[in-house]
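Residue numbers (the numbering used here): 2 to 535.
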């Protein structure tokens, strides 16, 4: 067998009746109204059943009888796991772990039936196909839930998944699927593709949208024993003898082995490219287009599925701390607290953008009365970003795609860097690690308004940020604005503490759903600086 399952035979007093008739009686005795109690008793029953011996047929039939009750319990648990802040609260963590444990114990029962069939003389091949399909389906849902909440997969997940797939290969049942269900081959492929999409770097809800798209569109990807015919320098690979997730690896590094498989993602990448050309960035999810992906998400998925994860950090352990605040509004508020407006200056007279912010007050002031900042631990540090750790259990405010300001103190002065959260992953204890890509070493708080609106109402401008150029990265100066408020080509008035400036927004360099970053050009002759107060 390609998988090994430890099995302990409990004392008679602890046994669960693994005979179909007795299982039916046990189910009838469950409380009808108290679903929490039913869920707890079901998990305990599955744990007992999976640690005792039973004939393969009786175990398979028992799992099929228990499955409808498990589905009810899982559906109720999923309702508690929607749109949660991170890290998860203790109550939400308990619901998540119960959900995952139910799925794991249920699929363990199906996997045990496969292991025990070696001692069964009459075992139809359909039973083998059904047990494998059920096991892979439960593992798929376990992974999808973990990724949607940025939680880690349990140890042994991929070894179990690969073991079931190899068993399906050996028994020639990869094309089996119950009515209205995906075949075994596609279930496995979808799990692998979701893993290759860098799920911890997708934004809230996007892994679910991608999963639904795969289920509806069913792209004709394939699993191969060798390299794809038109492969490039890198290929998507699986090592069926390991406990590691699918990887995008250099083709020249691959060594032939019995467990090596590659995935041809060409049809999926072609479909995402075509879809990205026909959907706009603002496409909303409705009942009729639930599986639709907007163009920005299609581009990110294409990039993720065809990229090697960069070496995130220097991997030098750190014992530092920084202060962090998230979101344009909070960053703007924090910076304006550091840099108070000069007396007598209103919004109608805020500055033309400075070209050199080295001595800008926001970067040299120390200490403020109001502190929207939170302390984070620095785990690793690299030239382009940080790995930060949130050691507390209260909400952190972190989201993938959110902008953040990092406040660093050294011996001379404090510095404020601007970055974006690129990935989030919860630790086993529930606390968070986040990966931050630095966007600029400095930042200036400004306000933005459409030129035509400003001429009528100069008090409705939106908080925004100006980021200076980064010459080492050939990055132009940019304006960061709230999402959806401004469009490419719009003329906007920029206001800060020394005057006004009119810009024409150029290319949208980034749009995360939480902020947008634009290049721009100055409109000649349209700046107005604050008059001297001498």
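Positions of the beta carbon are idealized from the N, C-alpha and C atoms, including for glycine.
Computed from a predicted model, the values in this text were never measured in an experiment.
Mapping the DSSP letters down to three states, classify residue 165 as helix, strand or coil. helix
Endpoints, beta strand (DSSP E) assigned at residue 387: 386 to 391
Give me the residue from 123, 403 and 96 with the minimum Cα distance to residue 484. 403
Give me the Cβ distance between residue 433 and residue 422, rounded to the nearest whole Å; I'm assuming they're in contact under 8 Å. Not really, about 10 Å apart at Cβ, beyond 8 Å.
Looking only at C-alpha atoms, which of 384, 397 and 385 sits nearest to residue 378? 397
To the nearest whole angstrom, what separates the beta carbons of residue 57 and residue 117, a pair I think is in contact under 8 Å? 4 Å
Exposed or buried, what is residue 498 when buried is set at 16 or more other beta-carbons lying within 10 Å of its beta-carbon? buried
Secondary structure of residue 434, DSSP reduced to three states: strand
Going by DSSP, what residue range makes up the beta strand (DSSP E) through residue 451? 445 to 451
Go ahead and label residue 51 buried or exposed: buried means 16 or more other beta carbons lie within 10 angstroms of its beta carbon, across all protein chains shown. buried
Quick one: using the 10 Å Cβ neighbour count with 16 as the cut-off for buried, is residue 357 buried or exposed? Note that residue 357 has pLDDT 43, beneath the 50 cutoff, so the model's placement of it is unreliable and no number is given.
Using a 10 Å radius around the Cβ and a threshold of 16 neighbouring Cβ atoms, would you call residue 304 buried or exposed? exposed
Can residue 154 and residue 87 be called in contact, C-beta distance under 9 Å? no
Tell me whether the beta-carbon of residue 249 lies closer than 9 Å to the beta-carbon of residue 237. yes
Classification of residue 473 by the beta-carbon crowding that lies within 10 angstroms, buried from 16 upward: exposed
Taking 9 Å as the cut-off, decide whether the C-beta atoms of residue 374 and residue 326 are in contact. yes
Specify the secondary structure class of residue 536 as computed by DSSP and reduced to three states. Summary: the structure shown does not reach residue 536, with the chain confined to residues 2 through 535, and so no result is reported for it.
Indicate whether residue 21 and residue 77 have their beta-carbon atoms separated by less than 9 Å. no
Can you tell me whether DSSP reads residue 375 as helix, strand or coil? strand
What residue range does the beta strand (DSSP E) around residue 494 cover? 492 to 497
How far does the beta strand (DSSP E) with residue 322 in it reach, from first residue to last? 321 to 327
Going by DSSP, name the residue or residues bridged to residue 481. 466 and 518
DSSP three-state label for residue 214, please. helix
Tell whether a beta-carbon distance below 9 Å holds between residue 464 and residue 329. yes
Pick from 205, 216 and 127 that is closest to residue 173, judged by C-alpha positions: 127
Rounded to a whole number of angstroms, what is the C-alpha to C-alpha distance between residue 456 and residue 488? 19 Å
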